[in-house]
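Peer 1: Those protein sequences? They're chains A and B, same order as listed.
For the first sequence, the residue numbers in this note's numbering are 2 to 215.
For the second sequence, the residue numbers in this note's numbering are 139 to 334.
In this text, a Cβ means the ideal position worked out from N, Cα and C, and glycines have one as well.
Please read all numbers here as calculations on a predicted model, not as lab measurements.
Could you have a look at this structure, given as structure tokens, before my questions?
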Amino acid sequence: MKRQFKDGLIGNNPVLVQLLGMCSTMAITTTLFNGIGMGVSVLVILTCSNIVIALLRKLIPAKIRIACYIVVIAGFVTMVDLLLQAFLPALSASLGVFIPLIVVNCIILARAESFASKNSVLASAVDGVAQGIGYTAVLVVMCVIRELLGNGTFGGGLIGPGGAGIRIIPADYSALLVILPFGGFITLGCLIALMQWALKKSAAKAGGSKGAEK
Amino acid sequence: MSFSGILSIALGAILIENFIYIKFLGICPFMGVSKKMDTATGMGLAVIFVMGLASVFCWIVNRYLLVPLGLEYMQTVAYILVIAALVQFVEMFLQKSVPSLYQALGIYLPLITTNCAVLGVALLNTQYGYGFVESVVYGITGGVGFLIAIVLFASVRERLELTAEYPEAFEGFPIALISAGLVALAFMGFSGLKIS
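The following block contains the structure:
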């Protein structure tokens, strides 16, 4: 179980290593509030759909399994969408169309297909939580970087007067470009490059020590 | 619906609010199949076709099924089912009657079900309150925007493979994202464009 969490966060991170769920990762990471809201929504939906699909894995015929998974996922997405509209209308408004679009977020379908359809309910639930945390972590990192460089603040929508966040860089020196779509591509590109570099380095280290043992 | 209104929807969907570079919809297939020019073109054409059809059918389902029954909250579920069924039917139809086109699009068709640009266009049509003609125009031109984006990017990527030099860690995906970012920057230049 501990390994599952480590995999979800680093070794097999859904965004940085499996390269899934790009659209939402780049589109909504402009304030910390958005990032945490989206991350937690996906975590909840992923865990619930993993549990249900693991429960039904022996009943679903192989030929129409993708359609069945999508219906299960769409059901949970609708629930989360309605709950957000009722209790967190600000978040619902700022995430907009990306909440219903969680249905086609490849992370959820990929975990259903590659994990929940082959493993027990408990393992699938843990997998959902672990992968969800991995996704949320990436979103939070992206948000902090983009908000800091693009807007000069930290924690927008969550803390500070009127949810404006804490100003770290004076307004005159922030680069609005980083908040715009361009910044999304560049930030994610650099993060994935960093991840590839780190994974290669740790693999080389492990390989090197093995070589020395021989 | 006036001609200039339609033109402004079309121009908006293709350039100003490009689905890939500005709205961030459909990034997965955009990154996945943009390595070669011909596959990128095939995917782009398939997306135009499915986005147009999806706009038509989702509009009909929403107008004549969901709204009269007061089931608007089932929108997401209904739309994704319509799109999945549509893609399946298009695949079967092409396989039987236009085998050459089926061969060309073959592997991309099933992928389109999980392309968020398709579900996105259906949801946006409803959100913007578009009528039938507007929805169809928005769907098709949104697909054209996708085609332009993916073809442009495929040609950038082909050169990237051959000539560019970059740090080793950026190999593969990261450098593709960075180049996409630069193209997105160029697309921002269209944001001032408007038809009144």
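List, in chain order, every chain A residue whose beta-carbon is nearer than 9 Å to that of residue 208 of chain B.
Peer 2: Within 9 Å Cβ-Cβ: nothing; residue 208 of chain B doesn't reach chain A, min ~14 Å.
Peer 1: Taking its Cβ as the centre, do 16 or more other Cβ atoms sit within 10 Å of residue 71 of chain A, making it buried, or is it exposed?
Peer 2: Around the C-beta of residue 71 of chain A, 16 or more other C-beta atoms lie within 10 Å, and the residue is accordingly described as buried.
Peer 1: Whole angstroms are fine: how far does the CA of residue 45 of chain A sit from the CA of residue 163 of chain B?
Peer 2: 22 Å
Peer 1: Would you identify the three-state DSSP class for residue 52 of chain A, choosing helix, strand or coil?
Peer 2: helix
Peer 1: Starting from residue 232 of chain A and walking both ways along the alpha helix (DSSP H), at which residues does that stretch end?
Peer 2: Outside the modelled stretch of chain A, which goes from 2 to 215, sits residue 232 of chain A, for which no answer is possible.
Peer 1: Could you check the C-alpha separation between residue 213 of chain A and residue 96 of chain A for me, to the nearest Å?
Peer 2: Residue placement at residue 213 of chain A cannot be trusted, given a pLDDT of 42 that sits under 50; what the coordinates show is reported in the next sentence. Answer to the nearest angstrom: the Cα atoms are 52 Å apart.
Peer 1: Given a cut-off of 8 Å, decide if residue 321 of chain B and residue 290 of chain B are closer than it, judged by their beta-carbon atoms.
Peer 2: yes
Peer 1: Could you list which residues in chain B have their beta carbon closer than 9 Å to that of residue 83 of chain A, in chain order?
Peer 2: 211
Peer 1: Of all the CB atoms in chain B, is at least one closer than 8 Å to the CB of residue 1 of chain A?
Peer 2: Chain A is shown from 2 up to 215; residue 1 of chain A falls before or after that span and cannot be answered.
Peer 1: Would you please verify whether the beta carbon of residue 218 of chain B is less than 8 Å from any beta carbon of chain A?
Peer 2: yes
Peer 1: Tell me, please, whether the CB atom of residue 276 of chain B is closer than 8 Å to any CB atom in chain A?
Peer 2: no
Peer 1: Among B:157, B:193, B:150 and B:181, which one has its Cα closest to the Cα of residue 263 of chain B?
Peer 2: B:193
Peer 1: List, in order along the chain, the chain B residues whose C-beta lies closer than 8 Å to that of residue 43 of chain A?
Peer 2: What residue 43 of chain A touches in chain B: nothing, since even the nearest Cβ is about 14 Å away.
Peer 1: Could you tell me which chain A residues have their CB closer than 7 Å to the CB of residue 323 of chain B, listed as they occur along the chain?
Peer 2: 183
Peer 1: Quick one, are the C-beta atoms of residue 190 of chain A and residue 186 of chain B less than 8 Å apart?
Peer 2: no
Peer 1: Look at residue 275 of chain B and residue 154 of chain B and say whether their C-beta atoms are less than 8 Å apart.
Peer 2: no
Peer 1: Under a three-way DSSP split, which group does residue 162 of chain B fall into?
Peer 2: In the structure shown, residue 162 of chain B sits in coil (DSSP, three-state: anything other than H, G, I, E or B).
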